[in-house]
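Note sheet for the following structure.
Here is the structure:
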């Protein structure tokens with residue numbers, strides 16, 4: 007559960023015209039963070055947070071283009087992270103894709119401020135499509 | 021009114037005794053009144069008789085006077101005409117004397133006097149009156165009259181005077197007695213009737229207070245019980261069966277209340293167990309879905325995309341680890357089943373806790389870079405008899421909890437030492453601690469406190485299983501905790517003699 011700093015997500019050596027999109031992955035399970043990364047298309051940069059507090063810090067530091075958020079996070083729950091996003095003017099418009107193993111309904115999660123919703127266990131292709139759709143929007 | 025003798029006198033007996041006593045008193049008063057009235061009547065009758073007797077006495081004395089006058093007239097005149105009253109009196113005398121004696125017979129003294137009078141009159145008639153009537157000699161008659169006749173007549177008159185005086189005195193006494201007897205009868209009647217009325221009133225009050233009131237209270241109490249208020253109790257008084265009634269009522273209410281409380285408690289337990297089960301569904305859902313996501317996700321990736329061999333091996337490693345985790349979770353659930361069914365295998369072999377602790381600490385120190393595992397083991401080996409896999413499970417659970425519940429990192433200190441024939445193991449963390457309100461429940465199956473909300477994974481089974489394992493080894497498990505400062509769990513297992521002593525093994529002490 008090493009804390010990945012925003013350094014790993016820093017953009018380097020690419021033309022300024024076509025800035026690479028950055029995705030913040032928030033999940034306390036290293037294996038799942040790796041699965042999410044591996045499921046994505048080429049061309050994204052990633053930052054990873056293992057708990058809710060780190061997730062908030064990273065999001066404020068790096069202004070990601072998309073956040074993939076597990077609701078079950080230590081220290082600060084996913085729903086709490088969503089609430090803080092909604093209160094933060096700079097983070098309010100960042101799209102959030104929620105991953106959950108709980109039995110929340112789609113309505114609950116969307117009402118809490120999420121833009122889309124994937125349930126564990128998920129098909130990597132579904133996750134990839136959802137991410138691409140949100141980033142392109 | 022019947023006195024409250026012993027408590028064993030039944031209500032029916034009391035009623036019976038009270039009724040009989042009341043009836044006896046009323047009858048007594050009635051009889052006394054009748055006796056008094058009849059005594060008064062007797063006294064009145066005696067008084068009347070006394071008057072008759074006096075009249076009769078005068079009548080007899082009048083006859084004596086007639087005799088006297090007749091005889092005197094004849095004696096002085098020698099004229100037979102004067103004897104007329106004498107003959108008449110002489111003729112009536114016997115009857116009148118008989119009547120006189122009969123009337124006087126009810127009083128011994130007067131009877132005696134009457135007899136004396138009878139005799140005196142007889143003697144007067146025989147020895148004076150009759151001989152005088154036979155005398156033809158005027159002087160002799162005059163002489164007899166003047167001496168013996170006068171003397172006897174005076175005696176008879178004196179006797180009559182005494183008789184009448186005595187009779188008058190008797191009559192007065194009897195009048196008095198009759199008066200006082202009738203007054204007594206009146207008084208007795210008034211007192212008796214008033215007393216009976218008061219007794220009846222007292223009896224009615226006794227019925228009302230001793231029986232009607234407790235019965236009314238019991239009825240009201242039964243109403244309240246019917247309305248659901250089981251806390252009602254009656255004051256335990258009242259005679260015999262009424263006392264029994266209130267006592268039984270209270271016992272019934274008590275038993276009902278106890279039963280209801282028991283049911284409510286069971287209900288609460290059921291609700292709690294229901295809640296824990298529903299938590300379990302969520303927990304299982306999460307705990308199974310996360311590793312399942314890894315297994316399915318990486319498998320799908322490996323099936324749909326080409327990776328270089330190193331990446332593929334790495335992904336397969338993750339799949340393997342997640343599949344093992346799933347398998348471990350299944351074991352946990354099965355352990356619970358085993359505990360519930362009471363068939364925990366308890367293979368007993370000599371286990372060195374020092375070695376076991378070192379191995380576990382080694383294993384977990386690699387899992388969390390944020391935590392420092394500090395091992396402090398006093399002396400070795402620390403021998404206990406038991407199942408090494410199960411004991412390993414307990415220690416692993418405690419260390420993994422210490423890591424999980426101190427998400428900010430810190431020191432996890434593991435200490436072990438022999439103490440009073442036991443082996444004491446302590447695992448201390450610097451984590452969030454256990455809130456006081458949850459400390460009583462943490463060994464409850466599926467209880468997870470705030471862990472789910474804090475995002476800490478787990479099934480809520482680890483400590484429940486650990487406690488069963490420790491207790492099946494004859495030991496005990498417990499903890500001390502302060503919220504925000506950390507928690508220390510301890511496990512105490514019976515030590516094996518001679519483990520420290522190296523000869524112990526050879527002697528086969530167990």
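Residue numbers (this note's numbering), protein chains in the order written: chain A, 7 to 143; chain B, 21 to 530. C-beta: ideal position from N, C-alpha, C; glycine also.
- For residue 53 of chain A, the enclosing beta strand (DSSP E) starts and ends at 50-55.
- Taking the Cα of residue 141 of chain B as reference, the smallest distance to any Cα among B:109, B:397, B:455, B:499 is reached at B:109.
- The way I'd put it, the region 111-120 of chain B doesn't touch the region 165-182 of chain B; fewer than three beta-carbon pairs between them come closer than 8 Å.
- Neighbourhood of residue 341 of chain B in chain A, by CB distance below 9 Å: 37, in chain order.
- Counting along the chain, residue 501 of chain B sits inside the beta strand (DSSP E) bounded by residues 496-502.
- Here residue 135 of chain A is exposed. Its C-beta has fewer than 16 other C-beta atoms within 10 Å.
- Collapsing the DSSP output to three states places residue 371 of chain B in a strand.
- Proximity of residue 315 of chain B to chain A, defined by a Cβ-Cβ separation below 9 Å, is satisfied.
- Within chain A, 37, 40, 41, 44, 130 have C-beta atoms less than 9 Å from the C-beta of residue 318 of chain B, given in sequence order.
- Ranked by Cα distance from residue 32 of chain A, the options A:92, A:60, A:97, A:26 are led by A:60.
- Take residue 115 of chain A, set aside five residues on each side of it, and the residues of its chain with a beta-carbon closer than 6 Å to its own are 104, 123, in chain order.
- In terms of Cα proximity to residue 440 of chain B, the closest of B:424, B:481, B:459, B:512 is B:512.
- Taking a contact as a CB-CB distance under 8 Å, the pair residue 30 of chain A and residue 44 of chain A does not count as one, their CB atoms being some 16 Å apart.
- Linking residue 411 of chain B to residue 493 of chain B through their CA atoms gives a straight-line distance of about 9 Å.
- Listed along chain B are 305, 306, 309, 310, each with a C-beta nearer than 7 Å to that of residue 107 of chain A.
- If you look at residue 396 of chain B, you'll find it isn't in any alpha helix (DSSP H); it sits in the beta strand (DSSP E) that goes 391-397.
- About 4 Å separates the Cβ atoms of residue 277 of chain B and residue 250 of chain B, confirming a contact at the 8 Å cut-off.
- With respect to the C-alpha of residue 103 of chain B, the residue from B:155, B:71, B:49 having the closest C-alpha is B:155.
- Listed in chain order, the positions of the region 45-72 of chain A with a beta carbon within less than 8 Å of a beta carbon of chain B are 45, 57, 58.
- The C-beta of residue 125 of chain A comes closer than 9 Å to at least one C-beta of chain B.
- Short of 7 Å from the beta carbon of residue 252 of chain B, and not among the five residues preceding or following it, lie these beta carbons of its own chain, in chain order: 241, 244, 245, 273.
- In this structure, the straight-line span from the alpha carbon of residue 97 of chain B to that of residue 90 of chain B is close to 11 Å.
- With 16 or more other Cβ atoms from the protein chains shown falling within 10 Å of its own Cβ, residue 152 of chain B counts as buried.
- For the pair residue 185 of chain B and residue 78 of chain B, the Cα-to-Cα distance works out to about 12 Å.
- Runs of the alpha helix (DSSP H) spanning 4 or more residues and lying entirely within the region 104-176 of chain B occur at 104-124, 128-143, 150-154, 158-164, in chain order.
- For residue 435 of chain B, the beta-bridge partners assigned by DSSP are B:396, B:446.
- Annotated as distal: residue 106 of chain A and residue 68 of chain A, with beta-carbon spacing of 9 Å or more.
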